[in-house]
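Residue numbers (the numbering used here): 1 to 258.
Let me begin by presenting the structure, written as structure tokens, before commenting on it.
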Amino acid sequence: MHEGVIAVSVQKPIIEICLDSVESILSAQRGGAHRVEFCSDLFEGGLTPTLGAFQVAKQVSTIPINVMIRCRGGDFCYSDLEYDVMLADAKLFKDAGANALVFGFLTPEGTIDKERTKQFLDLADPLEVTFHRAFDMTKDPFEAIETLIELGVHRVLTSGQEATVFEGLDLLSELIRRYGNDIVIMPGAGITERNFARIHQKLGSDEYHMYLHSERQSACTYRPDHIYMGGLLRQPEFLIQHTDVDRVSYMVKKGSGQ
């Protein structure tokens, strides 16, 4: 097994919950999640959270918190200035006590940006790192994962280069078969109560990444409906998404065979 990788029984995989608030971190913890990936702006696929939110999370929770380092939505080819921002954020969160850092850098040609990835790893050391679903945007997944292994990346989050894990099962299965002893391959995207058992039966992965949320109504009683804070593609202003304790608990139990 790759140095620094957490090894667990296949019968009880690590369940990592993707979320975007301190409240949701506490919900994931109450549900029995083993780890969380802390982001902001999940509508964009997850961006860097605020340092203040992370500091409060560390004060009120005990669960390991992996932190997303991504300065904007869109592609994974960053300007020098954007890259400098992410290096600065990475150092701040490392110093603040992050369990691991989550990142991904690509070249315009759809390959892993080796130079930037190596520099990021050096900065993150001795923390573990997860290369996120930028991996799913590479033109050759086998070349990409071999590059990540060569560089010393601990974990890769992937849907098997499809929109969801269920659609990407064939590639995920092949990646795990060929490289599962060298890097943690963590399936994530579209894993639900309805398909998790079939996915786990097929893959037997040691770790899974899930977004298990529900919605609640805003506490606001005054609700002007002609004003909104985002663009035309937006979430409702008065519906709050948060991690669902019961859904997390169900999936953790499902993973452990209960």
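The C-beta atom is built at its ideal place from N, Cα and C for all residues, glycine as well.
Being a predicted model, the structure only gives us computed values, none of them experimental.
{"Query": "Residues of its chain near T147, where Cβ-Cβ distance is below 7 Å and the 5 sequence neighbours each way are ignored", "Result": "I112, K114"}
{"Query": "Limits of the unbroken beta strand (DSSP E) element including M186", "Result": "184 to 187"}
{"Query": "For H154 and H132, the rounded distance between their alpha carbons", "Result": "11 Å"}
{"Query": "Pairwise C-alpha distance: V252 and G180", "Result": "22 Å"}
{"Query": "Inter-residue Cα distance where the pair is G110 and V165", "Result": "21 Å"}
{"Query": "Backbone CA spacing between M210 and A197 [nearest angstrom]", "Result": "13 Å"}
{"Query": "Contact belief for T158 with L172 at Cβ below 8 Å, rounded distance in angstroms", "Result": "7 Å"}
{"Query": "Cβ shell of S256 (< 6 Å), same chain only, five flanking positions each side left out", "Result": "K12"}
{"Query": "Nearest candidate by alpha-carbon position, reference F105, set G73, N99, P126", "Result": "G73"}
{"Query": "Contact set for T64: own chain, Cβ-Cβ below 7 Å, skip 5 residues either direction", "Result": "Looking at the sequence shown, residue 64 is not Thr but Pro. Answer for P64: R35, N99, listed in chain order."}
{"Query": "Closest Cα partner of I14 within the set E207, R178, A134", "Result": "E207"}
{"Query": "DSSP-derived helix/strand/coil call for E3", "Result": "Reliability of the predicted coordinates at E3 is poor, the pLDDT of 43 falling under 50, and the value obtained from them is presented with this limitation in mind. DSSP places E3 in coil when its eight states are reduced to three."}
{"Query": "Supposed contact pair L123 and L90 - C-beta distance, whole angstroms, cut 8 Å", "Result": "Here residue 90 turns out to be Ala, not Leu, going by the sequence shown. With 8 Å as the limit, A90 and L123 qualify as a contact, their Cβ atoms being about 6 Å apart."}
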